Amino acid sequence: MSIIILGECFGDEGKGRVVDVASELADLVVRVNGGTNAGHTLQVKDTKIILRLIPSGILWEHTRCYLAQGMVLDLSVLAQEIKTLQDLGVDLERRLYVSANAHVILSEHKEQDSGGSGIGTTKKGVGPCYAAKMNRVSLRLGDLLNKKLSPKDTENLNIIKPYILNNCSYVLNSHLKNGERAIFEMAQGSCLDVDHGTYPYVTSSNTIAGGACTGAGISPLHIKLIIGVTKAYLTRVGDGPFPTEIDGDLANQLRGAGNEYGSVTKRPRRIGWLDLPLLKYSTMINGTNLLALTKLDVLSGFDEVKVCTAYEYNDVETDILPFDLSVAKPIYESFPGWNEDITGVRNMRDLPENAKKYVEFIEDFVGIEIGMISVGPERESIIDLSD
Ligand code: IMP
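When you line the sequence shown up against the working numbering, it's residues 33 to 419, in that order.
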C-alpha cells in the first residue's frame with residue numbers, strides 16, 4: 033500500500049513528524065519535489081540535525097529512501113547530509129538512492145535567487161533551477177558524471193556517486209508491484225503549488241498529491257491513502273496573501289509557543305488562524321482521505337480560538353477561494369479556549385471539552401476524518417485516532 037503525505041496549506045505543517053510515525057511501517061520513503069528550500073530538524077541520539085534533501089525516514093533502520101527525479105539537488109548540501117549521517121553511524125548502504133534524472137542547482141541559480149525574486153523565496157536557487165529545467169537548459173545529476181567539474185563539485189559528486197541510481201522509476205515500480213509499502217513525501221504545502229497555489233507567491237514545483245506521481249514516475253493507481261497535514265492554526269513564510277493573518281501580542285504569543293521560525297532561513301513565520309475554506313479547497317485538489325492535525329497543544333492558554341469559515345469578497349460572502357485572495361476578508365467562527373496543558377493527552381476523550389469541540393468543528397467543516405493529532409514535540413506526543 034502506498035501513501036502520500038503532504039502539507040495542506042503553506043508548508044511547515046509538521047509533515048516530517050507524520051512521515052516519521054508512518055515510516056515505522058514503510059519499506060520505502062520517497063521525496064519527489066523541491067530541494068533545499070525544505071527542512072526538517074531531527075534529533076539523532078544527542079545531536080540535532082537538519083535534513084533538507086534526504087527523507088527523515090532514513091533514521092529508521094529498515095527503510096530505503098529515494099530522492100526522485102522531480103527534485104532539484106544542491107550537490108554541496110546533499111554531500112554534507114550524507115557525511116553527517118555517516119558520521120552519526122547511520123547506515124546508508126543500499127538504503128539511499130538518488131535519481132540521476134534529478135536536476136542540479138548550480139551556483140548561477142543561487143545567484144539569480146539571491147534577491148528572492150520579490151516574493152520572499154528561501155534563496156536556495158530552487159526557482160531558477162526549475163526555470164532552467166523548463167527551458168530545457170538545465171543539467172541533471174547524471175549529466176555531471178561525464179563532465180569536467182570544479183574540484184569542490186568533484187569532491188561532492190564523489191560522495192554522492194555511490195548512491196546514484198540510473199532511474200528511480202524502474203526500481204520503485206518493481207517494489208510497488210511486489211507489494212512493498214511506500215511513503216511519498218511532498219515538500220512545502222499545497223497552497224504553494226506552482227499551478228494551484230497563491231501564484232506568484234508559490235514555490236516552483238507541484239506540491240499537491242498529483243506531484244508525487246509526476247515526480248517519482250509512478251501511476252496514481254498505486255496510491256491508496258493521501259494524508260493531509262495541517263496545523264491547528266496557520267503560518268506562512270515569505271510574501272503572499274494570508275487572509276487570517278494576525279499580528280501584535282497574540283501573534284507573538286503563538287509564534288513563541290509554537291517556535292514558528294523557519295528551519296531553513298530562521299525567518300519568523302507569519303501567524304494566523306486556521307483558514308477552513310483554504311483547507312477544504314486543498315483537500316479537494318489533493319483527494320485527501322485522512323487528516324493529521326498538528327500542534328494542537330500550542331493553542332492551550334488562549335481565551336478564544338478562531339477559525340475562518342468564509343470570506344467576504346466583493347461584498348459577497350463566499351467559501352470559494354477567490355481569484356485574488358489578498359482582498360478576501362475572513363469571516364470567523366469563535367470558540368472558547370482551554371487552559372489545560374494537553375501534551376500528555378493520548379486519547380480524544382481526555383482532551384478538554386473546548387479542544388474537542390474545536391477539533392470536531394474542523395473535521396465536520398472539511399468533511400474528512402482526523403486520524404492523528406499531535407500534542408507536543410516528542411515522538412510519542414500523539415493522539416492516534418485511526419489505524
Ligand atoms: P522558494 O521555494 O525558495 O522558491 O520560495 C517560494 C515561496 O515558497 C516562498 O514564499 C517561500 O517562503 C516558500 N517556501 C519554500 N519552501 C518552503 C517550506 O519548506 N516551508 C514553507 N514555505 C516554503
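Every residue, glycine too, gets a C-beta built ideally from N, C-alpha and C. Here the structure is a predicted model, which means the values were calculated and not measured.
| said: So, at 7 Å on beta carbons, what are the nonlocal neighbours of Thr246 in its own chain, with the 5 sequence-adjacent residues on each side left out? | reply: Counting from 1 along the sequence shown, the entry for residue 246 is found at position 214. Within the same chain, Thr246 has close Cβ partners Gly102 and Asn238.
Check: So, Asp307 versus Thr276, is the Cβ gap smaller than 8 Å?
Finding: What you label residue 307 is simply residue 275 of the sequence shown in a count that begins at 1. What you label residue 276 is simply residue 244 of the sequence shown in a count that begins at 1. Result yes, Cβ atoms of Asp307 and Thr276 sit closer than 8 Å.
- Query: When you compare only the Cα positions, how much space is there between Gln118 and Ser222?
  - Reply: Mapped onto the sequence shown, residue 118 falls at position 86. Mapped onto the sequence shown, residue 222 falls at position 190. Distance between the alpha carbons of Gln118 and Ser222 is about 33 Å.
* Asked: Would you call Met316 buried or exposed, if buried means 16 or more other Cβ atoms sit within 10 Å of its Cβ?
  -> Within the sequence shown, numbered from 1, the residue matching residue 316 stands at position 284. Classification for Met316: exposed.
Span of the alpha helix (DSSP H), counted from its first residue to its last, around Phe216: Against the sequence shown, residue 216 aligns to sequence position 184. Run containing Phe216: none in the alpha helix (DSSP H); it sits in the beta strand (DSSP E), Ala214 to Gly221.
- Determine the closest residue to Ile415 out of Leu60, Asp396 and Lys327, with distance taken between C-alpha atoms. For the purposes of this step, residue 415 is identified with residue 383 of the sequence shown, where counting begins at 1. Out of Leu60, Asp396 and Lys327, Lys327 has the C-alpha closest to the C-alpha of Ile415.
Exercise for review: Would you mind sorting Arg381 into buried or exposed? The rule is 16 or more other CB atoms within 10 Å of its CB.
Suggested key: If you number the sequence shown from 1, residue 381 lands on position 349. The residue is exposed, with fewer than 16 neighbouring Cβ atoms inside 10 Å.
Length at least 3, wholly inside the region 323-368: the beta strand (DSSP E) runs in chain order | 336-345, 348-350 and 361-368
Whole angstroms are fine: how far does the CA of His141 sit from the CA of Pro160?
Taking the sequence shown and counting its residues from 1, the one referred to as residue 160 is at position 128. Taking the sequence shown and counting its residues from 1, the one referred to as residue 141 is at position 109. Going by the C-alpha atoms only, they are around 5 Å apart.
> Are the beta-carbon atoms of Val158 and Ala100 separated by less than 8 Å?
Replying inline: Your numbering for residue 158 matches position 126 in the sequence shown. Your numbering for residue 100 matches position 68 in the sequence shown. The answer is no: Cβ separation not under 8 Å.
Please confirm whether Ile90 and Val122 have their CB atoms less than 8 Å apart.
Translated into positions along the sequence shown, residue 90 becomes position 58. Translated into positions along the sequence shown, residue 122 becomes position 90. Contact flag set, yes.
* Between the region 254-269 and the region 169-177, do at least 3 Cβ pairs fall closer than 8 Å? -> no
(message) Looking at Leu417: is its Cβ nearer than 8 Å to the Cβ of Ile402?
(response) Here residue 417 is taken as the residue at index 385 of the sequence shown, counted from 1. Here residue 402 is taken as the residue at index 370 of the sequence shown, counted from 1. Yes, these two residues count as a Cβ contact at 8 Å.
Taking one C-beta from the region 369-379 and one from the region 332-349 each time, how about it: are there three or more such pairs within less than 8 Å? The way I'd put it, the region 369-379 does touch the region 332-349; three or more beta-carbon pairs between them come closer than 8 Å.
To the nearest angstrom, report how far apart Asn346 and Ile352 are at their CA atoms. Walking along the sequence shown from the start, residue 346 turns up at place 314. Walking along the sequence shown from the start, residue 352 turns up at place 320. If I take the Cα positions, the gap works out to 13 Å.
Please name the residue, chosen from Ala264, Arg126, Ser139 and Glu395, that lies closest to Asp329 on a Cα-to-Cα basis.
Here residue 329 is taken as the residue at index 297 of the sequence shown, counted from 1. Closest by alpha carbon: Ala264.
Is Thr341 closer than 8 Å to Pro273 when the C-beta atoms are compared? The residue given as residue 273 occupies position 241 in the sequence shown. The residue given as residue 341 occupies position 309 in the sequence shown. Cβ atoms of Pro273 and Thr341: not closer than 8 Å.
| At a cut-off of 7 Å, is Ile37 close to the ligand IMP when judged by its beta-carbon and the heavy atoms of the ligand? | Along the sequence shown, one-based indexing puts residue 37 at 5. Outside the cutoff, so no.
message: Tell me the DSSP secondary structure of Arg302 in three-state form.
response: In the sequence shown, counting from the first residue as 1, residue 302 sits at position 270. Residue state, collapsed to three classes: strand.
What does the alpha-carbon distance come out to for the pair Leu128 and Asp52?
What you label residue 128 is simply residue 96 of the sequence shown in a count that begins at 1. What you label residue 52 is simply residue 20 of the sequence shown in a count that begins at 1. Each residue's alpha carbon lies about 16 Å from the other.
Where does Leu417 fall in DSSP's three states? Against the sequence shown, residue 417 aligns to sequence position 385. Looking at Leu417 - three-state DSSP - the assignment turns out to be coil, as it is neither helix nor strand.
Rounded Cβ spacing between Val136 and Leu107 (contact assumed at less than 8 Å)
Numbered from its first residue, the sequence shown carries residue 136 at position 104. Numbered from its first residue, the sequence shown carries residue 107 at position 75. Contact flag correct, Cβ pair sits at about 6 Å.
Who pairs with Gln75 in a beta bridge, going by DSSP?
-> Residue numbering aside, residue 75 sits at position 43 when the sequence shown is read from its first letter. The partner list for Gln75 (beta bridge, DSSP) reads Lys80.
Rounding to the nearest angstrom, what Cα-Cα distance links Val391 and Tyr364 in this structure?
Taking the sequence shown and counting its residues from 1, one reaches residue 391 at position 359. Taking the sequence shown and counting its residues from 1, one reaches residue 364 at position 332. One alpha carbon belongs to Val391, the other to Tyr364, and they sit about 16 Å apart.
Residue from Cys97, Leu253, Leu124 and Tyr162 whose Cα sits closest to the Cα of Ser236: Reading the sequence shown from its first residue, position 204 is the one you call residue 236. The shortest Cα separation from Ser236 among Cys97, Leu253, Leu124 and Tyr162 belongs to Tyr162.
What runs of the alpha helix (DSSP H), each 4 residues or longer, lie entirely inside the region 122-163? 139-145
**OP:** Assign Leu120 to one of two classes, buried (16 or more other C-beta atoms within 10 Å of its C-beta) or exposed (fewer than that).
**Re:** Residue mapping note: residue 120 aligns to position 88 of the sequence shown, counting from 1. Answer is exposed; the Cβ neighbour count stays below 16.
Report the rounded CA-to-CA distance for Gly242 versus Ser295, giving the unit in angstroms. Counted from its first residue, the sequence shown places residue 242 at position 210. Counted from its first residue, the sequence shown places residue 295 at position 263. Looking at the two C-alpha atoms, the distance is approximately 26 Å.
**Asked** Rounded to the nearest angstrom, how far is the Cβ of Cys200 from that of Tyr98, given a contact under 8 Å?
**Response** Taking the sequence shown and counting its residues from 1, the one referred to as residue 200 is at position 168. Taking the sequence shown and counting its residues from 1, the one referred to as residue 98 is at position 66. Yes, they are in contact, since the Cβ atoms of Cys200 and Tyr98 sit about 5 Å apart, within 8 Å.
> Does any heavy atom of the ligand IMP sit closer than 7 Å to the C-beta of Gln220?
Replying inline: In the sequence shown, counting from the first residue as 1, residue 220 sits at position 188. Gln220 Cβ: within cutoff of the ligand IMP.
Go through its chain and collect everything with a Cβ distance to Asp185's Cβ below 7 Å, but skip five positions before and after it.
For this step, residue 185 is matched to residue 153 along the sequence shown. The answer, listed in chain order, is Leu107.
Please state the DSSP three-state secondary structure of Leu266. Against the sequence shown, residue 266 aligns to sequence position 234. Three-state result, Leu266: strand.
ask   = Which of the three DSSP states, helix, strand or coil, is assigned to Val169?
value = The residue you call residue 169 lines up with position 137 of the sequence shown. Coil.
- Can you name, in chain order, every residue of its own chain whose Cβ lies under 6 Å from the Cβ of Asn69, other than the five neighbours on each side? Stepping through the sequence shown from its first residue, residue 69 is reached at position 37. Same-chain partners within the cutoff: Thr154, Lys156 and Val158.
Check: If you measure from the CB of Asp44, is any heavy atom of the ligand IMP nearer than 7 Å?
Finding: Here the question's residue 44 lines up with position 12 in the sequence shown. Taking non-hydrogen atoms of the ligand IMP into account, the C-beta of Asp44 is found less than 7 Å away from one of them.
Residues bridged to Asp39 [DSSP beta-bridge criterion]
Here the question's residue 39 lines up with position 7 in the sequence shown. The sequence shown places Gly at residue 39, not Asp. For Gly39, which the question treats as bridged, DSSP gives the partners Gly221 and Val261.
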